[in-house]
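Residue numbers (the numbering used here): 513 to 1580. Just so you know, even glycine gets a beta-carbon here, dropped at the ideal spot from N, CA and C. Being a predicted model, the structure only gives us computed values, none of them experimental. Please read the structure below before turning to the comments.
Okay, here's the thing in structure tokens:
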């Protein structure tokens, strides 16, 4: 069957209708007061009237209300977003086009970054020209849906000022309550706020059918504890005089609900009792559905009667098109009553409903009814038809729900469902259940004789083995998969090569691993899958880093970074930024590492990914620790620990060891040993054998030796070195040998110290970095001196880099001090696209300058100062006498100082310049970005960032409103730099062989100056490299035509030569 496009159930987007709804002004007042905040939570157990309170508010709201009644079928993030957008579109026609387009373009990628669409949704919200409220009722039905928590958290972070979100939930939703409370952005109502008082009970019952006395109302209130469902159940007993006397004794609580509901059901006429039980088969009722499935002709009248009797039903819409839902508690009760009283009828109705929904392509409802009827063949047949499509669309929560509803022995009948269940569980680190699901998938595909699908199973099993550290098993499973696959199964073969490559890398066969990864990368490029290409590039970088090929690793990460930026998913972007930051850290490029880490941390926070937040925080802490800035390192380590100590024990052990290093370097060896003891205990508890036998004994050994227990320290270090050598853990081994050399020198064994230092440098040459020695060398100057004296060439360079590291540390410390001290005032100055100055957050208006001349004078002094007054006068007032020039200058300068403060322009020794203010100038930033980009190759990640920053800064020509000659040369020079930046971004695309993107950027350059032959040549080159020879030749003729028309010249010999090489002949 063809899976239909997703269709919204419109009744879920309508404000429900209740008969006899009581208006509760004080509850509405609490809710309305929360409109100044971002979020209102209405959280209470079932039956407390959460929906009634929200409907009451919606009917009396001073602003438009968008309504969405959620349920468990909406736990897939894409479905949730569709309904959220639909709810707003229901109230504001035309809303959501861009958001839906963005959602459709993401497809299954939404699974990797749940926040990817939030920005587009918020931008559309901002276009609504009024304040409004979005209500999501029954939010607890979405609890645990993958990505919904992250999406809602991100939405709350950037929720626009004109929107307020309300959530109704049985449980406290997983939103940042403490943060929102601290920011005064949250209002909450609980069961205590929703309890009905005696007078409200009297008013409620009077509005429907009954008059109760004050004492009866108090008895109902006491026995129901204000629980509105209990109130209605107890009050129904008043219809029966024989039961009314029991009001003082009966308790109405969730625990006694079944008994009280039975009392209510048994009091109804037989036809109503029957209708209540059979209609509970349907999760949502309409008169048409009741006729078709229940075969009850008078369904419309019966639905109206159930509503009139206030039998816990909610109506959406009006007339014959209306739909109805029972309260969840009441439907569950009725459904169970039918199953117990008439199991055959129960099964028959569910099967009839299943077939009806299947006929109308209502897949989810059909599967629900097949499962309820325990017709597993019917369910699995339908599920198998849609499993692949639903997984691709990101409907993984629904797939998991179906898989968990099938008995174990039925799993093999739905191998595709089991396969995708395994994929999802693997991504969620539930490896045991993933293996179980995979076993069912294998049995099912084997029964069908489907070799390609069996190969997929083996690839997935190889993935699980890789994640669990069973690398030999990974290789065996992959080889089995490859034996089953034909050559045209490109994606599966690519994945197999990737897995075997990663396994080779992990067991130390790095060269073989890199070769396999290169094969996989070529296959993924052939398929054209940017997501997989980016993953492979990161895998390659990891392997190349292990080989010591750091420059080649950086090349691959730069390409991966460009792809991740283009794809836009926050969490994968955070991952590549973290990896690239770590690579720069290994190379000792701390400034670049910090910049990458900071961007990565922001991306990880946008994606609400604690794992990457932890790793990046620790990476930043390492940078600050290495330069002695312990005050900044400590909170970052603590943050990483809080996020990782349960989920990432390896990182937690590393953090304790890193903090122990800080203590050791400060001379606090006792505390260092305490931390290392905690690390060792954690490693033993979590089975981290490598950490327990390698890095931790190294750290303990050096701490013991430096504290005076030299022999004990030497023993630990020597044992750890042997272990690391056996495991071929070269990065850890290099550092361990360096520290062993340090302790040998401490013990007075200089020859042994030199020998170990030489071995450490040899290993460092293999891994491509000496940064560990630079860091420890700050605390081992004698050892480096010994190495220099002993002729170890690397030691001199390391000693010089120690000094550079110290300088960087001082700069960081000074920068931190300046931030703390602050400045008197801050100027943000803009000249590109028009002159504008922001003074301490306030944009200086034209009226504050008083004259355009004042603003122009400020920019002139800013760019050319310090200047003497006469020089300024010759530019601005060349035709005035000396006295008038002086008067005009001082008048204009007074206006500048009045607009920007007295310190904006100061005079020293008769020369005027910008004062000592905190100043940001877009021209300086633009020029600095261009100058830095010029120094870097096109494939470096920093290059494209710098060129793009320059393009973003250039909002237009330099001071276009100024007509004096003094600014013309600057204007032309900056325009040339802008063109250079556009071409620079294009060259970065060329370096990645993304020729379409390169052509677009080069064409933007021609829009600035169409006479630039070099840019025409770049476009010709890109077309030729992309295999579009005819378009390359057309570009030449276009260039020729422009030059003839504008300058009456022919293209240069260089341009003609390029044409000849592409065309294979001379141009006409």
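Practice problem: Sort out for me which residues DSSP pairs residue 578 with in a bridge. | Solution: 646
Quiz item: Just checking, does the segment 1393-1403 make contact with the segment 1294-1307 on the three C-beta pairs under 8 Å criterion?
Solution: no
Exercise. Measure from the alpha carbon of residue 1431 to the alpha carbon of each residue in 1374, 1140, 1364 and 1117, then state which is nearest.
Key: 1374
Quiz item: Among the residues of its own chain, which have a CB less than 7 Å from the CB of residue 868, if the five just before and after it don't count?
Solution: 804 and 805
Exercise. Measure from the alpha carbon of residue 987 to the alpha carbon of each residue in 1000, 999, 1002 and 1007, then state which is nearest.
Key: 1007
Quiz item: Any idea if residue 649 is buried or exposed, counting beta-carbon neighbours within 10 angstroms, 16 or more meaning buried?
Solution: buried
Self-check item: Whole runs of the alpha helix (DSSP H) within the segment 1178-1259, excluding any shorter than 4 residues
Solution: 1181-1198, 1201-1205, 1207-1218, 1222-1239 and 1242-1258
Quiz prompt | Own chain residues within Cβ distance below 8 Å of residue 1028, not counting five before or after | solution = 1009, 1010, 1012, 1013 and 1016
Quiz item: How would you call residue 484, buried or exposed, if buried means at least 16 neighbouring beta carbons within 10 angstroms?
Solution: Because the chain is modelled from 513 through 1580, residue 484 falls outside the range shown and cannot be assessed.
Quiz item: Helix, strand or coil for residue 1379 per DSSP?
Solution: strand
Exercise. Using alpha carbons as the reference points, say which of 1257, 1232 and 729 lies closest to residue 1247.
Key: 1232
Quiz item: Just the Cα atoms here: how many angstroms apart are residue 1336 and residue 1429?
Solution: No answer about residue 1336 holds up, because its pLDDT of 49 lies below 50 and its placement is not dependable.
Quiz item: Nearest CA to the CA of residue 1295: which residue from 1271, 1253, 1313 and 1275?
Solution: 1253
Self-check item: For residue 805, the three-state DSSP class (helix, strand or coil)
Solution: helix
Quiz item: Around the C-beta of residue 787, are 16 or more other C-beta atoms found within 10 angstroms, so that it is buried, or is it exposed?
Solution: buried
Quiz item: Do you know whose CA, among 522, 1152, 941 and 1190, lies nearest residue 828's CA?
Solution: 522
Quiz prompt | Residues sharing a beta bridge with residue 797, DSSP | solution = 836
Quiz item: If you follow the alpha helix (DSSP H) that residue 611 is part of, which residue opens it and which one closes it?
Solution: 609-618
Quiz item: Taking DSSP as the reference, what is the three-state secondary structure of residue 1565?
Solution: helix
Quiz item: Three-state secondary structure (DSSP) at residue 980?
Solution: coil
Quiz prompt | Endpoints, alpha helix (DSSP H) assigned at residue 1075 | solution = 1062-1079
Quiz item: Of all the options 550, 1461, 1205 and 1168, which has the alpha carbon lying nearest to the alpha carbon of residue 1443?
Solution: 1461
Quiz item: Do you know whose CA, among 1391, 1471 and 715, lies nearest residue 1369's CA?
Solution: 1471
Quiz item: Which stretch, first to last residue, makes up the beta strand (DSSP E) that contains residue 1430?
Solution: 1430-1433
Self-check item: Contact between the segment 635-648 and the segment 575-583 (3+ Cβ pairs under 8 Å)
Solution: yes
Quiz prompt | One or two residues paired with residue 675 in a DSSP bridge | solution = 644
Quiz item: Is residue 1153 close to chain D, meaning its C-beta is less than 8 Å from at least one C-beta of that chain?
Solution: The structure shown contains no chain D; it holds only a single protein chain.
Practice problem: State whether the segment 1535-1542 contacts the segment 1550-1561, with contact taken as three or more CB pairs (one from each stretch) at a distance under 8 Å. | Solution: no
Quiz item: Taking DSSP as the reference, what is the three-state secondary structure of residue 1041?
Solution: coil
Quiz item: Applying the criterion that 16 or more other CB atoms from any shown protein chain within 10 Å of the CB defines a buried residue, is residue 1319 buried or exposed?
Solution: exposed
Exercise. Round the Cβ separation of residue 1599 and residue 698 to the nearest angstrom and send it over; I've been treating them as touching at under 8 Å.
Key: Nothing about residue 1599 can be read from this structure; the chain reaches only from 513 to 1580.
Quiz item: Just curious, the beta strand (DSSP E) that residue 828 is in, first and last residue?
Solution: 825-828
Quiz item: Considering residue 527, what are the terminal residues of the beta strand (DSSP E) in which it resides?
Solution: Run containing residue 527: none; DSSP gives neither H nor E here.
Quiz item: Helix, strand or coil: which one does DSSP assign to residue 1461?
Solution: helix
Self-check item: residue 883 versus residue 609 - alpha carbon distance
Solution: 36 Å
Quiz item: So, helix, strand or coil for residue 1330, using DSSP?
Solution: Below a pLDDT of 50, predicted positions are generally treated as unreliable, and residue 1330, at 49, falls in that range; the measurement from the model is reported next regardless. Residue state, collapsed to three classes: helix.
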